[in-house]
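Visitor: What follows is a single structure, and I will ask about it in a moment.
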Amino acid sequence: MGSAGLIGFLRALFSGCSPFGILALSGATLLCALATRLALKRRALRCFNQPPQRSWIMGHMGLMGHNEEGLQAVDDLIRRYVHSCAWYLGPFYNMVRLFHPDYIKSLLTASANITFKDKIFYGFMKPWLGHCLLLQNGQEWSRHRRLLTPAFHFDILKKYVHIFNQSTNIMHAKWRRLLAEKQNSLDMFEHMSSMTLDSLLKCTFSCDSHCQGKPSEYIAAILELSKLLVQRQHYLPYHWDWLYWRSEPGRRFRKACNIVHQFTAKIVQERRSQLDQQGPAKNRTENLEYTGGYKKKDTDLIDLLLLSKDENGEGLTNEEIQAHADMFMFAGHDTTASALSWIFYNLAMHQDHQERCRAEIRSVLRDGDEHDISWEDLSHLPFTTMCIKESLRLHSPVLALTRYYSQNMKTPGDCIIPQGSLCLISIYGVHRNPEVWPDPEVYDPMRFDPENSHGRSPHAFIPFSAGPRNCIGQNFAMAELKVVVARTLSRFRILPGPKPVRRLYQLVLRAEGGLLLNIETPIPPPNKK
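The opening position of the sequence shown corresponds to residue 55 in my numbering, with each subsequent residue numbered one higher.
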């Protein structure tokens, strides 16, 4: 049928229809097109296991919550399907869930040029984080990753250990005041979040906000943005920008973004101006000394980003530096606070492991509290490190990653993930897979003894992801975890809290109503002669 014939057919079809009939027919046509598209998308994933659905149109939507029961349902899914399964969130989102090292390996090691972040949830962050490393793809990501990597070199990280000690000391002084007031039950998330933000502000901006002792508009804005992101993620109507930016939470999000952006922009602009005034001869990290509201300091993250150059001698713009700094503040505080809270929870529930850690720490800190924990000390805490890693396995702060790929991806068993399909790489699933970790619910630090790690897949333990897009700050995070844990256990005994803990997954793994633990001062070590 030619175009003239088709037009004549449609004219004849609609000429006898009322406006309501035309609308109904158009709706039916749209519904048929949607159903056909949905069927084709799901047929492309038929190679994967298909868990029972609520209905054909709803798929698996609503079957997995973010609370304790929801995480237990994920455990059941892993035990039943072992490697992977298809998952349908209504008629729009079809994904493959993967929870075995063999199945995620090809996805995590894929070239950055074919790997793309999920535009749905990560897109919610863009008004806050801009074009930061977390949200970049392809060549843009590759260039920025190369520019940022030197900022996390071990020689740089060594200088931050003093800051980790300092922020931990401030937190402990607050704990001693609370103990003196007979308050020994603490919400670990509250205290760890304030402490990690304090450290990040000092490492990133050389800014001492005193946020562990008094409110800060900037810190309040970061916490508000994190909370609003979770709310938007969980409330489907807010996924549409048009509705969200006209809502009360959307207006609050914009206001908090403005506060954060103004804070970061002011610091970057001041530093850029000071650097320009010094001239090219002094534009080197060893000569950076600033005033203007900031005390004389070691090189911080902003310094390093301002001085970074690519192979063509091009640096980062102020806007790019601001975006990366905002990303470090967002990604660095919640994840580390979650990790520390669950480390102390696990050690509270296993006093034998806690005591062994304490003995190891005291053997390294022969001078007690007289000196900071040094960078060199961190390599002499093998059992404490094993306890930290086992907690990261059992209670990883981030439970999943989502990715798209610009080409078909093959998995074991000759299954194909079609180009453009959403992949959910389940960190939680890999870490709790009984085929990979025997008795996965048991907290056993000896899993990470070198003798017990032979033959284990490098993709069996991925709290910081893996491959080219792994967490750029993982060595920073591990150093901070070790300092805070070592310093805390040398001064306090951590005990189980007054109520059972129920897990809650938001941006990171939390606990419903907070993670309450009791603290007391431990028996002092015997005097050494």
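All residues carry an ideal CB built from backbone N, CA and C; glycine is no exception.
None of these values were measured; they are calculated from a predicted model.
Hey, how far is the Cα of HIS156 from the Cα of HIS508?
Guide: In the sequence on display, residue 156 carries Asp and not His. Their Cα atoms are separated by approximately 16 Å.
Visitor: Run the CB neighbour count on TYR537, radius 10 Å, all protein chains shown included, and call it buried at 16 or more, exposed below.
Guide: Residue 537 is actually Val in this sequence, not Tyr. Classification for VAL537: buried.
Visitor: Quick one: what does DSSP say GLY386 is sitting in, helix, strand or coil?
Guide: helix
Visitor: So does the stretch 486 to 502 actually touch the stretch 150 to 169, counting three or more Cβ pairs closer than 8 Å?
Guide: Taking a cut-off of 8 Å for Cβ pairs, the stretch 486 to 502 and the stretch 150 to 169 touch, as three or more such pairs fall below it.
Visitor: Taking C-alpha atoms, which residue in LEU255, ILE111, GLN332 and THR163 lies nearest to TYR588?
Guide: Residue 588 cannot be examined here, being either before or after the span of the chain that is shown, 55 to 583.
Visitor: Between PHE398, ARG199 and ASP209, which lies nearest to PHE546 when the distance is taken from Cα to Cα?
Guide: PHE398
Visitor: For ARG410, I'd like the list of residues in its chain whose CB is within less than 8 Å of its CB, leaving aside the five on either flank, ordered along the chain.
Guide: PHE437
Visitor: Would DSSP call LEU282 helix, strand or coil?
Guide: Residue state, collapsed to three classes: helix.
Visitor: Between the beta-carbon of TYR214 and the beta-carbon of PHE502, is there less than 8 Å?
Guide: no
Visitor: Which residues in the same chain have their Cβ closer than 6 Å to the Cβ of ALA520, if we skip the five residues on either side of it in sequence?
Guide: Cβ neighbours of ALA520 within its own chain (closer than 6 Å, five residues either side excluded): LEU162 and HIS513.
Visitor: CB-CB under 8 Å to ARG326, same chain, minus the five flanking residues each way: which ones, in chain order?
Guide: LEU360 and ASN372
Visitor: Pick out whichever of MET383, SER392, TRP141 and ASP388 has its Cα sitting closest to the Cα of LEU254.
Guide: MET383
Visitor: Spell out the partners DSSP gives CYS477 in its beta bridges.
Guide: Under DSSP, CYS477 shares a beta bridge with VAL150 and ARG457.
Visitor: Tell me the DSSP secondary structure of LEU435 in three-state form.
Guide: coil
Visitor: Given TRP229, which residues of its chain have a CB within under 8 Å of its CB, disregarding the five upstream and five downstream residues?
Guide: LEU240, HIS245, PHE546 and ILE573
Visitor: How big is the Cα-Cα spacing for LEU569 and THR542?
Guide: 17 Å
Visitor: Kindly indicate the opening and closing residues of the alpha helix (DSSP H) around ALA227.
Guide: 208 to 234
Visitor: Mind reading off the beta-carbon distance from CYS139 to PRO105? Whole number of angstroms is fine, and I expect it under 8 Å.
Guide: The pair is a contact, with the Cβ atoms about 6 Å apart (cut-off 8 Å).
Visitor: Which full runs of the alpha helix (DSSP H) of 4+ residues lie inside the stretch 152 to 179, going along the chain?
Guide: 155 to 162
Visitor: Quick check: the Cα distance between LYS363 and CYS257, rounded to an integer number of angstroms?
Guide: Approximately 21 Å, taken between the alpha carbons.
Visitor: Determine the burial state of ILE210: buried for a count of at least 16 other Cβ atoms within 10 Å of its Cβ, exposed for fewer.
Guide: buried
Visitor: Go ahead and pull the three-state DSSP assignment for LYS350.
Guide: Note that LYS350 scores a pLDDT of 39, beneath 50, so its modelled location is shaky; the value from the coordinates is reported in the next line. Note: LYS350 maps to coil in three-state DSSP.
Visitor: What residues in its chain sit with their C-beta under 8 Å from that of ALA335, if we drop five residues either side in the sequence?
Guide: Any reading at ALA335 must be qualified, since the residue scores a pLDDT of 45, below 50, and its modelled position is unreliable; the value itself is stated next. Short of 8 Å from the beta carbon of ALA335, and not among the five residues preceding or following it, lies no beta carbon of its own chain.
Visitor: Which partner residues does ASN372 have in the DSSP bridge list?
Guide: DSSP, once it has assigned bridges, lists no residue as partnering ASN372.
Visitor: Three or more C-beta pairs closer than 8 Å, one from the stretch 265 to 284 and one from the stretch 432 to 447: is that the case here?
Guide: no
Visitor: Tell me whether the beta-carbon of GLY477 lies closer than 8 Å to the beta-carbon of ILE471.
Guide: Sequence inspection shows Cys at residue 477; the Gly mentioned does not correspond to that position. Result yes, Cβ atoms of CYS477 and ILE471 sit closer than 8 Å.
Visitor: Quick check: the Cα distance between LYS159 and PRO522, rounded to an integer number of angstroms?
Guide: 12 Å
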